[in-house]
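**Q**
Numbering (our numbering), first residue to last: -3 to 166.
1. Note down, in chain order, each residue of its chain lying with its Cβ closer than 7 Å to the Cβ of residue 52, except the 5 sequence neighbours on either side.
2. Between residue 136 and residue 121, what straight-line distance do the alpha-carbon atoms span, to the nearest angstrom?
3. Specify the secondary structure class of residue 102 as computed by DSSP and reduced to three states.
4. Let me know the secondary structure DSSP gives residue 84 once reduced to three states.
5. What's the gap between the Cα of residue 82 and the Cα of residue 58?
6. With a threshold of 8 Å, are at least 3 pairs of Cβ atoms found where one atom belongs to the region 41 to 51 and the other to the region 63 to 74?
7. Where does residue 146 sit, in a helix, a strand or coil, going by DSSP?
8. What separation, rounded to the nearest whole angstrom, lies between the Cα atoms of residue 159 and residue 97?
9. Would you kindly report the start and end of the unbroken alpha helix (DSSP H) that includes residue 130?
10. So, with DSSP's three-state summary, where would you put residue 119?
11. For residue 95 and residue 162, I'd like the C-alpha separation in whole angstroms.
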């Protein structure tokens, strides 16, 4: 497991307990589920994941939440990084009451288009429960690694995907 630094330790603890109990994670069904902070070098994260789990699809979930990830200056970097995954899903971007000018904000529609134009399926699913349903139904036992990348708790996506993987795949 890779897991969030600091905040979210209770989520990590619960997930580790669930994994130890065989709740549909790698030891039981050959599936791995990772929890990462979004970082500016997502390409390296995905590359390292492919190296650690050769031959598996990398399914990337990304929450545009942090002050860094919400900035247009990273538009191209995120497109290149996330485009190296096999499939990408975004949740609804986190809204913040701040003074970040619209022109300085990441354009999620444009980002999804650039990832698709590069040949990687990408989409935005605004409802977190629906996102968890879609990812769990899409994931293939023993063939996929799910990367959930966020600077926060990602609206509980970690536990939601775990629960649905158990439901969909036993």
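Ideal Cβ positions, reconstructed from N, Cα and C, are used throughout, including at glycine.
**A** So, from the data block:
1. The beta carbon of residue 52 lies closer than 7 Å to those of 139, 140 and 141 in the same chain, with the five residues before and after it left out.
2. The alpha-carbon atoms of residue 136 and residue 121 are separated by roughly 20 Å.
3. Correct three-state label for residue 102: coil.
4. Secondary structure at residue 84: strand, using DSSP grouped into helix, strand and coil.
5. Near 13 Å, if we compare the C-alpha coordinates of residue 58 and residue 82.
6. Flag = no, the region 41 to 51 and the region 63 to 74 do not touch.
7. Secondary structure of residue 146 (DSSP, three-state): coil.
8. The alpha-carbon atoms of residue 159 and residue 97 are separated by roughly 38 Å.
9. Taken as a continuous stretch (DSSP letters only), the alpha helix (DSSP H) holding residue 130 covers 124 to 134.
10. Residue 119: strand per DSSP, three-state reduction.
11. If you take the alpha carbons of residue 95 and residue 162, they lie about 42 Å apart.
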